[in-house]
Every structure is written in structure tokens, then in C-alpha cells.
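Remarks on the structure that follows.
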Amino acid sequence: MEFMDKVVIVTGGSRGIGFATVEAFLREGATVVLCASRQETADKAVAKLQETYPDAKVEGIWPALDQYEDVKAAFDKVAEKYVLVNNAGVSESTPFTAYTEDTFDKVMDLNVKGTFNCSRAVTEVMEKQGSGVILNTSSMVSISGQPSGVAYPTSKFAVNGFTLSLARELGPKGIRVNAVAPGITETDMMKAVPREVIDPMIARIPLRRLGQPEDIANAFVFLASEKASYITGVVLGVDGLMRV
Numbered sequence: 035m036e037f038m039d040k041v042v043i044v045t046g047g048s049r050g051i052g053f054a055t056v057e058a059f060l061r062e063g064a065t066v067v068l069c070a071s072r073q074e075t076a077d078k079a080v081a082k083l084q085e086t087y088p089d090a091k092v093e094g095i096w097p098a099l100d101q102y103e104d105v106k107a108a109f110d111k112v113a114e115k116y117v118l119v120n121n122a123g124v125s126e127s128t129p130f131t132a133y134t135e136d137t138f139d140k141v142m143d144l145n146v147k148g149t150f151n152c153s154r155a156v157t158e159v160m161e162k163q164g165s166g167v168i169l170n171t172s173s174m175v176s177i178s179g180q181p182s183g184v185a186y187p188t189s190k191f192a193v194n195g196f197t198l199s200l201a202r203e204l205g206p207k208g209i210r211v212n213a214v215a216p217g218i219t220e221t222d223m224m225k226a227v228p229r230e231v232i233d234p235m236i237a238r239i240p241l242r243r244l245g246q247p248e249d250i251a252n253a254f255v256f257l258a259s260e261k262a263s264y265i266t267g268v269v270l271g272v273d274g275l276m277r278v
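Dropping the structure here:
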């Protein structure tokens with residue numbers, strides 16, 4: 035139970051990959067703080083977790099991730115032996131000629147600025163402790179791009195650059211920074227996609243299946259653990275090799 039004395043903050047933790055990541059860290063004995071976009075979604079997720087894990091130490095918060103002072107105030111209440119998982123994000127598929135500044139900014143504010151704000155909010159504590167782990171959610175489209183919705187891969191390219199650069203800056207202070215780049219993952223959104231769309235996707239994946247949220251969560255747990263103590267500045271693809 036390596037994480038029994040650790041506080042793990044997971045943004046976007048109320049559903050999908052984030053919720054699976056919260057569960058994975060709870061099973062490892064961590065105290066987990068999940069961030070959601072609203073109080074009601076945070077409360078609902080915490081209640082569901084407490085049903086399954088009645089002895090778990092879990093709570094929910096809902097800061098506006100694009101507002102640094104809001105994030106800092108929320109994170110300061112749980113500031114000890116951090117692991118931060120920057121998972122909150124929004125995808126986009128708008129054709130380029132239909133883009134507005136507001137559409138572009140919405141993606142960048144959460145996917146990039148939110149990652150920046152949350153990382154900045156925990157770094158001071160990590161520096162004082164001389165240790166810490168920051169993990170970011172990238173995407174396979176940060177490698178391959180995508181044919182529509184240019185803001186999303188752009189934001190994930192930025193997350194990769196942020197990860198590598200921050201790893202170099204914070205490494206001498208004992209802080210590791212890595213990212214996980216999921217492939218097509220069977221979240222609730224994907225379950226609504228028709229089989230005639232899903233099956234050709236699976237056929238292009240060498241492992242011949244979609245990823246599961248638990249596949250991504252397990253990668254986060256590994257990268258946060260001492261087993262990965264000499265790994266930093268890595269963008270780990272968890273995609274079944276579907277990268278083009």
C-alpha cells in the first residue's frame with residue numbers, strides 16, 4: 035500500500051478515465067481528492083465511491099481550473115505529500131472554418147491553462163518536501179493529429195511540451211513529471227458510438243480491442259509509484275499502438 039501516506043488529486047475525477055484513476059489510487063491506499071466541474075457531480079461521484087469503498091478516504095472539490103486563485107485555495111486545504119493527476123479536459127471536433135475564438139479558447143483554457151494552474155498550485159509544496167509527482171493526460175492525437183477539431187490536438191501537443199519542460203525544470207528538486215497518452219478508450223461517450231463505427235477502429239488496433247479506463251488508470255498508478263522513480267519527462271502511449 036505504497037500510497038497510504040499520499041494525497042492524490044485527480045482533476046476530471048467524476049467520470050470516465052478520471053473516475054477509474056480515483057478508484058485505482060483508492061485501492062492502493064491513497065487519500066484521494068477528486069475535482070469535478072460542479073458540486074453536484076463531485077458529490078455524486080464521492081457517494082458512489084463510498085458505496086464501493088466504505089473505508090476509503092475520498093472527498094470532492096470543484097474549483098474553476100482556469101482560475102489560478104480558485105485552484106490554489108482549494109488545493110491548499112489538502113497540501114501534503116502530493117500526487118497530482120491533471121486529467122480534466124474537453125475534446126473538440128469542429129471543422130476549422132467553423133471555429134470561433136470562444137471555441138478555441140474553451141479547449142485551451144481547460145486542457146492547457148487548467149494543467150498549468152493545477153501544477154503551479156502544487157509545486158511550492160512539492161519543492162518544500164523535496165519530492166512529488168505531476169502526471170498529465172495527453173492523447174494519441176498529440177502524436178498523429180486528427181482530421182477535425184484542431185484545438186484538441188493542439189492542446190495535447192502543448193501538454194506534451196509542458197510535461198517535458200517541467201520535468202527538466204523540477205527534476206533537480208525531486209519532482210517527477212510525466213504524461214499518459216490514451217488511445218481510443220471505452221468511456222460512456224464511446225459506448226454511445228454505433229458498432230459500425232467502432233468495429234473498423236478496433237480492426238486498426240494491433241491489440242484488437244478498445245482501451246479500458248482501467249488501462250489508463252493503471253499507467254497513472256505505475257508512473258506515480260516508486261517503481262517509476264527514475265522515469266520523468268515521458269509521454270507514455272497507452273493506445274494499443276493505434277497512433278496513425
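Terminal number for the sequence shown in my numbering: 278, no gaps in between.
C-beta atoms are modelled at their ideal positions from N, C-alpha and C, and glycine is treated no differently.
Q: Just mark Glu-57 as buried or exposed, buried being the case when its beta carbon has 16 or more other beta carbons within 10 Å.
A: Numbered from its first residue, the sequence shown carries residue 57 at position 23. So Glu-57 counts as buried.
Q. To which residues of the same chain is Val-156 closer than 8 angstroms at the C-beta, ignoring the five residues directly before and after it?
A. Position 122 of the sequence shown holds residue 156. Ile-43, Phe-109, Ala-113, Tyr-116, Leu-118, Gly-166 and Ile-168, listed in sequence order.
Q: With distances taken Cα to Cα, identify the nearest neighbour of Asp-104 among Asn-151, Val-159 and Glu-220.
A: Locating residue 104 in the sequence shown gives position 70, where the first residue counts as 1. For the residues Asn-151, Val-159 and Glu-220, the minimum Cα distance to Asp-104 belongs to Asn-151.
Q) For Asn-212, which residues does DSSP report across the bridge? A) To locate residue 212, count along the sequence shown from 1; it is residue 178. Answer by DSSP bridge pairing, in chain order: Leu-169.
Q: Report yes or no: do three or more beta-carbon pairs, one from the stretch 132-150 and one from the stretch 252-271, lie closer than 8 angstroms?
A: no
**Q.** Euclidean distance between Cα positions of Leu-198 and Thr-266
**A.** Counting from one through the sequence shown, the residue named residue 198 turns up at place 164. Counting from one through the sequence shown, the residue named residue 266 turns up at place 232. Whole-angstrom Cα-Cα distance: 8 angstroms.
Q. What did DSSP end up calling Gly-245 once you bin it into helix, strand or coil?
A. Counting from 1 along the sequence shown, the entry for residue 245 is found at position 211. Correct three-state label for Gly-245: strand.
Q: Name the two residues that bound the continuous beta strand (DSSP E) containing Ile-43.
A: The sequence position of residue 43 within the sequence shown is 9, counting from 1. Its beta strand (DSSP E) spans residues 41-45.
Q: Could you tell me the distance, in whole angstroms, from the CA atom of Pro-216 to the CA atom of Met-276?
A: One-based indexing of the sequence shown puts residue 216 at position 182. One-based indexing of the sequence shown puts residue 276 at position 242. So the alpha carbons of these two residues sit roughly 10 angstroms apart.
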